[in-house]
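Trainee: Here the protein sequences line up with chains A and B, keeping their order.
Heads up: the first sequence begins at 1 in our numbering, then just goes up one per residue.
Heads up: the second sequence begins at 1001 in our numbering, then just goes up one per residue.
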Amino acid sequence: NAGVTQTPKFRILKIGQSMTLQCAQDMNHNYMYWYRQDPGMGLKLIYYSVGAGITDKGEVPNGYNVSRSTTEDFPLRLELAAPSQTSVYFCASSGQGRTEAFFGQGTRLTVV
Amino acid sequence: TQLLEQSPQFLSIQEGENLTVYCNSSSVFSSLQWYRQEPGEGPVLLVTVVTGGEVKKLKRLTFQFGDARKDSSLHITAAQPGDTGLYLCAAWPYNTDKLIFGTGTRLQVFP
C-alpha cells in the first residue's frame, strides 16, 4: 500500500543547478499539493492541482514550476536553484471529499 | 499574511501536565483539521472538525471547533513523551482548493 511516494529523499544542489522532485500517488486522488517546510515551521503551499492538466499557484510559487499530465504524478521543477530554496519538500494528495491529506515522506534539499 | 495562526509556537512540559494549543483565523472554514508530524516524516491526520462548537475526543486529546468556525483548540490531558511532535492545524478556505496549514506548535514532553 504505497500511498504517496516522493523521490529522491535527499539531494544537494549547487547554486544555479536545476532538478525535478518526483511525486506519485496510487490512490486515484484528484487533489495534489507541494509544500515546503523550513526548520521548525509549518508548511507553505507552493503549487497545487485539482486534476490532470490543471495546476495553480500557492503561497510561495516563485522559483518553481509544476506539471500534471496524469492523475498519479505531480513533479515539482526547480530552475536555477538558490540557497533560499534549501528546505524539506512534501507532496500530498487528497480525494474528492477533501477529508484528509496524505503525505509523502519528504525530500530534504540543500542548495550550496 | 498567515491565514492560520497557532499558539504557542513552542511548548516544553513535563510528563503528566496538561496543555492547550490554539489555532486562530479571521476567516470562516467549513471544516478544520489537526495533524501531527514526527521528525523525518510527513504530517498525519489526527482529526477533522466540521460543525461549529463540535468537540471530538481521541484518547487523551480533545479537539474543539469554535462556534463561529474561525478557530480551534487541541487539549492534551496528562501529556506523555510519545506526544512529542509538531502539531499543525489546516483548512481549505471557502471558494478555494488550496489546503492551508497553520504556523505549527512544537511540543516536547520530558519524562
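Glycine included, each C-beta is placed from N, C-alpha and C at the ideal position.
Could you tell me the alpha carbon to alpha carbon distance between glycine 1016 of chain B and glycine 42 of chain A, rounded to whole angstroms?
Mentor: Going by the C-alpha atoms only, they are around 26 angstroms apart.
Trainee: Under a three-way DSSP split, which group does serine 1030 of chain B fall into?
Mentor: Serine 1030 of chain B falls in the coil class under three-state DSSP.
Trainee: Assuming threonine 55 of chain A contacts arginine 68 of chain A under a Cβ cut-off of 8 angstroms, what Cβ separation, rounded to an integer in Å, is found between them?
Mentor: At roughly 5 angstroms, the Cβ-Cβ gap stays under 8 angstroms, so threonine 55 of chain A and arginine 68 of chain A are in contact.
Trainee: Nearest by alpha-carbon distance to arginine 1036 of chain B: which of B:Thr1105, B:Gln1080, B:Val1049, B:Phe1029 is it?
Mentor: Nearest of B:Thr1105, B:Gln1080, B:Val1049, B:Phe1029 to arginine 1036 of chain B, Cα basis: B:Thr1105.
Trainee: According to DSSP, is serine 1007 of chain B part of a helix, a strand, or is it coil?
Mentor: The answer is strand: DSSP assigns serine 1007 of chain B an E or B state.
Trainee: Check each residue of the region 7-31 of chain A: if its Cβ is closer than 7 angstroms to any Cβ of chain B, include it; give the result in chain order.
Mentor: If the cut-off is 7 angstroms between Cβ atoms, the region 7-31 of chain A has Tyr31 near chain B.
Trainee: Any idea what DSSP makes of proline 83 of chain A, helix, strand or coil?
Mentor: In this structure, proline 83 of chain A counts as helix in the three-state DSSP scheme.
Trainee: Taking the straight line between their C-alpha atoms, what separation do you get for glycine 95 of chain A and tyrosine 89 of chain A?
Mentor: When rounded, the distance between both Cα atoms is 21 angstroms.
Trainee: Of all the residues that make up the region 1035-1051 of chain B, which are near chain A by a beta-carbon distance shorter than 7 angstroms?
Mentor: Answer set for the region 1035-1051 of chain B: Glu1041, Gly1042, Pro1043, Leu1045, Thr1048.
Trainee: What would DSSP say about glycine 1082 of chain B, mapped onto helix, strand or coil?
Mentor: Helix.
Trainee: Which of the residues in the region 1064-1078 of chain B, read from start to end, lie with their CB under 9 angstroms from any CB of chain A?
Mentor: Taking 9 angstroms as the Cβ-Cβ cut-off against chain A, none of the residues of the region 1064-1078 of chain B qualify.
Trainee: Apart from the five residues just before and just after glycine 1085 of chain B, which ones in its own chain have a Cβ nearer than 7 angstroms to its Cβ?
Mentor: The answer, listed in chain order, is Arg1036, Gln1037, Glu1038, Leu1107.
Trainee: Given 8 angstroms as the limit, is there contact between the region 1091-1098 of chain B and the region 1023-1032 of chain B, that is, 3 or more CB pairs closer than that?
Mentor: Because the criterion of three Cβ pairs below 8 angstroms is met, the region 1091-1098 of chain B and the region 1023-1032 of chain B touch.
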